[in-house]
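Asker:
Numbering (my numbering), first residue to last: -12 to 325.
#1: Where does residue 98 sit, in a helix, a strand or coil, going by DSSP?
#2: Measure the Cβ-Cβ separation of residue 33 and residue 4 and say whether it is below 7 Å.
#3: Let me know the beta strand (DSSP E) ranges lying completely inside the segment 3 to 69, each 3 residues or longer, listed in chain order.
#4: Take the Cβ of residue 54 as the centre, count every other Cβ of all protein chains shown within 10 Å, and call the residue buried at 16 or more, exposed below.
#5: DSSP three-state call for residue 156: helix, strand or coil?
#6: Can you tell me whether residue 137 is helix, strand or coil according to DSSP?
#7: Who pairs with residue 305 in a beta bridge, going by DSSP?
#8: Excluding the 5 residues flanking residue 221 on each side, which residues of the same chain have their C-beta closer than 8 Å to its C-beta?
#9: Classify residue 149 as helix, strand or coil using the three-state DSSP reduction.
#10: Residues bridged to residue 90 by DSSP?
#11: Quick check on residue 304: buried or exposed, where buried means 16 or more other Cβ atoms within 10 Å of its Cβ?
#12: Between residue 168 and residue 156, which are expected to be in contact by the criterion C-beta below 8 Å, what is the C-beta distance as a whole number of angstroms?
#13: By the DSSP assignment, the alpha helix (DSSP H) with residue 223 in it spans what residues?
#14: With contact counted as at least three CB pairs below 8 Å, one residue from each stretch, are the segment 95 to 102 and the segment 64 to 83 in contact?
#15: Please classify residue 202 as buried or exposed, where buried requires at least 16 neighbouring CB atoms within 10 angstroms.
#16: Span of the alpha helix (DSSP H) holding residue 182?
#17: Between residue 326 and residue 73, what straight-line distance do the alpha-carbon atoms span, to the nearest angstrom?
#18: By how many angstroms is the C-alpha of residue 2 removed from the C-alpha of residue -4?
#19: Between which two residues does the alpha helix (DSSP H) holding residue 162 run?
#20: I'd like the span of the alpha helix (DSSP H) that includes residue 202, first residue to last.
#21: At what residues does the alpha helix (DSSP H) containing residue 280 begin and finish?
#22: Buried or exposed: which applies to residue 186, given that a residue is buried once 16 or more other Cβ atoms fall within 10 Å of its Cβ?
See below:
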């Protein structure tokens, strides 16, 4: 029995080492791409045969002439250690994931600087182009690197902006609709938060369509814009293009004033002296009707559609629909407010 066990153990060891040998070269290729051409290669080895713990794997590196065959954990930085782990996992997926080409990568850029984030974002598509890939990240810069380097027609990008215990995650592309706001009022609840989000979503959409210029701020959320910044940028473009929206009849054009100044009222304390005072549903409805009246002017006068684009050579946006492409002009403001 002892002789048979020895033979079986040797065969298993040989098979496992063959798998490790198959992983070692692609793992080091990926590791070098992430860390640079000077990265010392990593060896994958099984413990010695007389080691009592055979259920583990040795990762070894020749760190220096007097530090050969050492474990990476004692000599490499956190970034390099994460690179080793990521390279090993990605190499294993490439080699052994044929039967289930679905890959989930969760927060894989921990401890990396901007250059390494860009490199990893650029690796994903060419390495796993034949697989269905799900990538989750809390890192906003990595999110934008992915958007910059991966084709929008092939990849879908979305943000989880909240978690509702009753409905699950709320995604950024699930926009707040007029019906959602009216349902809040019908239930006797304030729609202040929904109104703020809807206004921000609309501003962001218009700014993208119109190709406004927004300064990237040197803050933690450099790519995330406040409503006031979007409003100011849009107001500046309208002024430069000599596009003036019509006045909203019956009100003091509070939305237009706030748009020009880049100041957006706090709906929860609507036009009150006390910043955190409680606004009434009636105040919210009045503001929302004003916003809708203003919003309605951003439509193509020729085809009534509301999607625009502004090529870099044009000063004014044009309708984004084929067969129309009419230059943007403000539609006639509604005669009254509903």
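Just so it is clear, CB atoms sit at the ideal spot from N, CA and C, and this is done for glycine as well.
Predicted model, so just to flag it, every value in this text is computed and none were measured.
Answerer: Taking the definition as stated:
#1: One-based indexing of the chain shown puts residue 98 at position 111. Of the three classes helix, strand and coil, the one that applies to residue 98 here is coil, per DSSP.
#2: The residue labelled residue 33 in the question sits at position 46 within the chain shown. The residue labelled residue 4 in the question sits at position 17 within the chain shown. Here residue 33 is near residue 4, since their CB atoms are less than 7 Å apart.
#3: Taking only runs of at least 3 residues, the beta strand (DSSP E) segments lying wholly in the segment 3 to 69 are 29 to 32, 45 to 48.
#4: Taking the first residue of the chain shown as position 1, residue 54 is located at position 67. Residue 54 should be labelled exposed.
#5: By one-based count along the chain shown, residue 156 stands at place 169. In the three-state scheme derived from DSSP, where H, G and I count as helix and E and B as strand, residue 156 is classed as strand.
#6: Along the chain shown, read from residue 1 onward, the residue named residue 137 stands at position 150. Judged by DSSP in its simplified three-state form, residue 137 adopts coil rather than helix or strand.
#7: Translated into the one-based positions of the chain shown, residue 305 becomes position 318. As a beta-bridge residue in DSSP terms, residue 305 pairs with 296, 314.
#8: Residue 221 sits at position 234 when you count from the first residue of the chain shown. In chain order, 190, 193, 194, 197, 199, 246 place their CB closer than 8 Å to the CB of residue 221, counting only its own chain and leaving out the 5 sequence neighbours on each side.
#9: Taking the chain shown and counting its residues from 1, one reaches residue 149 at position 162. Note: residue 149 maps to strand in three-state DSSP.
#10: Within the chain shown, the letter at position 103 stands for residue 90. Residue 90 pairs with 120.
#11: On the chain shown, position 317 is the one that residue 304 refers to. Result: buried.
#12: Stepping through the chain shown from its first residue, residue 168 is reached at position 181. Stepping through the chain shown from its first residue, residue 156 is reached at position 169. Not confirmed; about 20 Å, so no contact.
#13: One-based indexing of the chain shown puts residue 223 at position 236. Start and end: 214 to 227.
#14: Output reads yes: the segment 64 to 83 touches the segment 95 to 102.
#15: Counting from one through the chain shown, the residue named residue 202 turns up at place 215. By the 16-neighbour rule on beta-carbons within 10 angstroms, residue 202 is exposed.
#16: Sequence index remark: in the chain shown, residue 182 carries index 195 (1-based). Unbroken alpha helix (DSSP H) run through residue 182: 179 to 197.
#17: Since the first residue of the chain shown is -12 and the last is 325, residue 326 is not available in this structure.
#18: Mapped onto the chain shown, residue -4 falls at position 9. Mapped onto the chain shown, residue 2 falls at position 15. Rounded to whole angstroms, the gap between the alpha carbons of residue -4 and residue 2 is 10 Å.
#19: Locating residue 162 in the chain shown gives position 175, where the first residue counts as 1. Element bounds for residue 162: n/a, residue is neither H nor E.
#20: The sequence position of residue 202 within the chain shown is 215, counting from 1. It is not in any alpha helix (DSSP H) - residue 202 carries neither H nor E in the DSSP assignment.
#21: Start at 1 with the first residue of the chain shown, and residue 280 comes out as number 293. Counting along the chain, the alpha helix (DSSP H) containing residue 280 begins and ends at 268 to 282.
#22: Here residue 186 refers to the residue found at position 199 when the chain shown is read from its first residue. Per the 10 Å Cβ criterion, buried.
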